[in-house]
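With the UniProt record's numbering applied, the sequence shown covers 1 to 207. Note that CB positions come from ideal geometry on N, CA and C, so glycine has one too. Some notes on the structure that comes next.
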Amino acid sequence: MRAVYDTIAKRRDVRAEFTGEKLDEQVLMRVLTAAHSAPSVGNSHPWDFVLIDDPQRLAEFATHVATRRQAFAESLPEPRKDVFNPIKVEGIRESGLGVVVTYDPTRGGPHILGRHTIDETGLMSAALAIQNLWLAATAEGLGVGWVSFYQEEFLADFVGCKQPVRPIAWLCLGPVTHLEEVPDLERFGWRSRRPLKDAIHRDHLGS
Ligand SMILES: Cc1cc2nc3c(=O)[nH]c(=O)nc-3n(C[C@H](O)[C@H](O)[C@H](O)COP(=O)(O)O)c2cc1C
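See below:
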């Protein structure tokens, strides 16, 4: 039981610590098996995993992400710009592998048990697959970095994803030198973690 808590505590979003070594195929399959074991609304498994390891394709996506990073940097007020500038937001090329997670709202047909009242439960299910992948990768001693600095249409075209299927995440996955103990955004002074006590309420939100 301790191992689960240890893995959760160890998990980090990784940008700079990828070694670039090739990921062992069997390890990759174990991690994807963990992702695919996630709970899903109506047992619909609405996710797919597109694996990209061609250095040219990784570079192409990284170039797109750089434009989105720049746009965000330009939108910031001066003091925040200075804090943001040194922060790395992706390790797309360095990781050597991108896992694009897609979400298919049609998976399982029109009568998904449990999604009739809350449509987002499909998307929530796909997010759980990502968390499973992230924790399994951490347990394997690997790093994962979630990249969301992209235009959805760009990534949809990039992986051949047609409406209504959506790409919902680019995950950099690969061997790392180490995992930092403190999240990068905290280390670089962007934003600190919120204390648990502020997130717990009794009976009503806010009390
Ligand atoms: C939905 C989502 C999108 C994210 N997008 C990015 C991103 O584009 N670039 C990045 O560097 N980190 C991204 N992150 C990672 C967060 O910045 C990170 O989880 C947070 O700072 C806490 O750090 P930790 O994961 O190491 O605990 C994303 C995380 C989530 C859950």
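Alpha-carbon to alpha-carbon, residue j and residue i
{"i": "V50", "j": "G145", "result": "16 Å"}
{"i": "V31", "j": "A139", "result": "9 Å"}
{"i": "L205", "j": "D53", "result": "45 Å"}
{"i": "P164", "j": "A137", "result": "29 Å"}
{"i": "Q151", "j": "I92", "result": "16 Å"}
{"i": "A35", "j": "D104", "result": "16 Å"}
{"i": "A199", "j": "R193", "result": "11 Å"}
{"i": "H201", "j": "P195", "result": "13 Å"}
Residue i in three-state terms, based on DSSP
{"i": "V99", "result": "strand"}
{"i": "G20", "result": "coil"}
{"i": "V65", "result": "helix"}
{"i": "D13", "result": "strand"}
{"i": "V182", "result": "coil"}
{"i": "M1", "result": "coil"}
{"i": "R57", "result": "helix"}
{"i": "D198", "result": "helix"}
{"i": "D119", "result": "coil"}
{"i": "P79", "result": "helix"}
{"i": "H130", "result": "One point to set straight first is that residue 130 is Ile, not His, in the sequence displayed. If DSSP states are grouped into helix, strand and coil, I130 belongs with the helices."}
{"i": "I92", "result": "helix"}
{"i": "N85", "result": "coil"}
{"i": "L155", "result": "helix"}
{"i": "H111", "result": "coil"}
{"i": "S40", "result": "coil"}
{"i": "L205", "result": "coil"}
Beta bridge counterpart(s) of residue i as assigned by DSSP
{"i": "P167", "result": "T102"}
{"i": "G141", "result": "DSSP output for G141 lists no bridge partner at all."}
{"i": "W190", "result": "Per DSSP, none; premise fails for W190."}
{"i": "W146", "result": "L171"}
{"i": "F49", "result": "V101"}
{"i": "V176", "result": "F18"}
Distance cut-off 6 Å: residue i Cβ against heavy atoms of ligand 1
{"i": "R2", "result": "no"}
{"i": "R93", "result": "no"}
{"i": "L185", "result": "yes"}
{"i": "D13", "result": "yes"}
{"i": "W170", "result": "no"}
{"i": "S148", "result": "yes"}
{"i": "V50", "result": "no"}
{"i": "V41", "result": "no"}
{"i": "V101", "result": "no"}
{"i": "residue 229", "result": "Since the first residue shown for the chain is 1 and the last is 207, residue 229 is missing from the structure and cannot be characterised."}
{"i": "V31", "result": "no"}
{"i": "V144", "result": "no"}
{"i": "V27", "result": "no"}
Residue-level contact to chain B via CB, residue i, 7 Å cutoff
{"i": "F18", "result": "The displayed structure is made up of one protein chain only, and chain B is not part of it."}
Exercise. Using 8 Å as the Cβ pair cut-off and three pairs as the minimum, do the segment 92–103 and the segment 171–190 touch?
Worked result: yes
Exercise. State whether the segment 1–10 contacts the segment 71–84, with contact taken as three or more CB pairs (one from each stretch) at a distance under 8 Å.
Key: no
Taking 8 Å as the threshold, find out whether the segment 39–48 comes into contact with the segment 109–125 through three or more Cβ pairs. yes
- Is there contact between the segment 59–66 and the segment 105–121, where contact requires at least three CB pairs shorter than 8 Å? no
* Asked: With contact counted as at least three CB pairs below 8 Å, one residue from each stretch, are the segment 19–36 and the segment 86–96 in contact?
  -> yes
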